[in-house]
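Participant:
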Amino acid sequence: MPAPYTIESAKAELLHYGRKIAGQMLVVGPGGNTSVRAGDAIVLKASGAAYEDCTEDDFVPIDFKTGDVIDSARKPTCEIYMHLTCFVQRPDVNAVVHTHPPIATGLAVSGVTIPPIYPDLIALVGSDIPVLPYIVPGGKKLADAVAEVIVDHDAV
847 MPAPYTIESA
857 KAELLHYGRK
867 IAGQMLVVGP
877 GGNTSVRAGD
887 AIVLKASGAA
897 YEDCTEDDFV
907 PIDFKTGDVI
917 DSARKPTCEI
927 YMHLTCFVQR
937 PDVNAVVHTH
947 PPIATGLAVS
957 GVTIPPIYPD
967 LIALVGSDIP
977 VLPYIVPGGK
987 KLADAVAEVI
997 VDHDAV
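Under the working numbering, the residue at position 85 of the sequence shown is numbered 931, and the numbers go up by one with no gaps.
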């Protein structure tokens, strides 16, 4: 199934939802990152960009196969490997959202999974949301850990 976005429409959607993410306090400052599949490209939030200050120029297209930046002077998020892993492992996925919601983060740090207490949660992400141990952000170790679980889960 082809990706439903062009690079330009992906940037607009990422900007729109990025502001919603920041407005709901699901990230602070430059934390968190999002990406969208756009044809043969992936569009990701730029490294160091805070959603509340972003413009469409803060979303960086990269070539899906090579990882090379396309027509941008910005550097993509350091979580590029995690995003690429999700798209490679799950061809059915057209977007990746990485946020830091306070309650979910607190549960994860405590090693507690989010219980499937709401039908909407189960319908959207499944009844089992794996919790990974702390892994330093931005590297292949985190991407590899996500790769192991994202195949069978819609959230981690």
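Ideal Cβ placement from N, Cα and C applies to all residues, glycine included.
1. Which residue or residues does DSSP assign as beta-bridge partners of R883?
2. Would you report the Cα separation of D899 and A954, rounded to the nearest angstrom?
3. Whole angstroms are fine: how far does the CA of P962 sit from the CA of L970?
4. If you follow the beta strand (DSSP E) that D909 is in, where does it begin and where does it stop?
5. Kindly indicate the opening and closing residues of the beta strand (DSSP E) around V955.
6. Report all residues from its chain with a CB closer than 7 Å to the CB of E902; omit the five preceding and five following residues, and keep chain order.
7. If you draw a straight line from the C-alpha of Q935 to the C-alpha of L872, how long is it?
8. Ignore the nearest five residues each way along the sequence and tell me which others in A887's own chain have a CB closer than 7 Å to its CB.
9. Report the residue from E925, P979, I968, I996 whose alpha carbon sits nearest the alpha carbon of F945.
10. Between A892 and G875, how many whole angstroms is the CB-CB distance? I'm expecting something under 8 Å.
11. What does the Cβ neighbour count give for Y927, buried or exposed, with the cut at 16 atoms within 10 Å?
12. To the nearest angstrom, report how far apart A868 and T912 are at their CA atoms.
13. For D938, count the other beta carbons within 10 Å of its own beta carbon; 16 or more makes it buried, fewer makes it exposed. Which is it?
14. Under three-state DSSP, which class holds A919?
15. What whole-angstrom Cβ distance do I975 and A1001 have, given they're in contact under 8 Å?
Facilitator: Here's the rundown:
1. Translated into the one-based positions of the sequence shown, residue 883 becomes position 37. Looking at the DSSP assignment, R883 forms a beta bridge with I888.
2. In the sequence shown, residue 899 corresponds to position 53, counting from 1. In the sequence shown, residue 954 corresponds to position 108, counting from 1. The straight-line gap from Cα to Cα measures roughly 28 Å.
3. For this step, residue 970 is matched to residue 124 along the sequence shown. For this step, residue 962 is matched to residue 116 along the sequence shown. Taking the straight line joining both Cα atoms gives about 11 Å.
4. Mapped onto the sequence shown, residue 909 falls at position 63. First-last of the beta strand (DSSP E) with D909: 905-909.
5. For the purposes of this step, residue 955 is taken as the residue at position 109 of the sequence shown. Looking at the DSSP string, V955 is not in any beta strand (DSSP E); the run it does join, the alpha helix (DSSP H), is 948-955.
6. Taking the first residue of the sequence shown as position 1, residue 902 is located at position 56. Only K857, A858, L861 meet the Cβ criterion.
7. In the sequence shown, counting from the first residue as 1, residue 935 sits at position 89. In the sequence shown, counting from the first residue as 1, residue 872 sits at position 26. A straight line joining the alpha-carbon of Q935 with that of L872 spans about 25 Å.
8. Numbered from its first residue, the sequence shown carries residue 887 at position 41. If we look at A887 and ignore the five residues flanking it on each side, its Cβ neighbours are I853, P907, I908, D909, F910, I916.
9. The residue given as residue 945 occupies position 99 in the sequence shown. One point to set straight first is that residue 945 is Thr, not Phe, in the sequence displayed. Of all alpha-carbon atoms in E925, P979, I968, I996, the one lying nearest the alpha-carbon of T945 is that of E925.
10. By 1-based counting over the sequence shown, the position of residue 892 is 46. By 1-based counting over the sequence shown, the position of residue 875 is 29. By a beta-carbon distance limit of 8 Å, A892 does not contact G875. Their separation comes to about 13 Å.
11. Taking the first residue of the sequence shown as 1, we reach residue 927 at position 81. Y927 counts as buried, since no fewer than 16 other beta carbons sit within 10 angstroms of its beta carbon.
12. As a working note, residue 868 is residue 22 in the sequence shown. As a working note, residue 912 is residue 66 in the sequence shown. Roughly 30 Å separates the two Cα atoms.
13. In the sequence shown, counting from the first residue as 1, residue 938 sits at position 92. Around the beta-carbon of D938, fewer than 16 other beta-carbon atoms lie within 10 Å, marking it exposed.
14. Sequence index remark: in the sequence shown, residue 919 carries index 73 (1-based). If DSSP states are grouped into helix, strand and coil, A919 belongs with coil.
15. The residue labelled residue 975 in the question sits at position 129 within the sequence shown. The residue labelled residue 1001 in the question sits at position 155 within the sequence shown. Beta-carbon to beta-carbon, I975 and A1001 are separated by about 5 Å, close enough to satisfy the 8 Å threshold.
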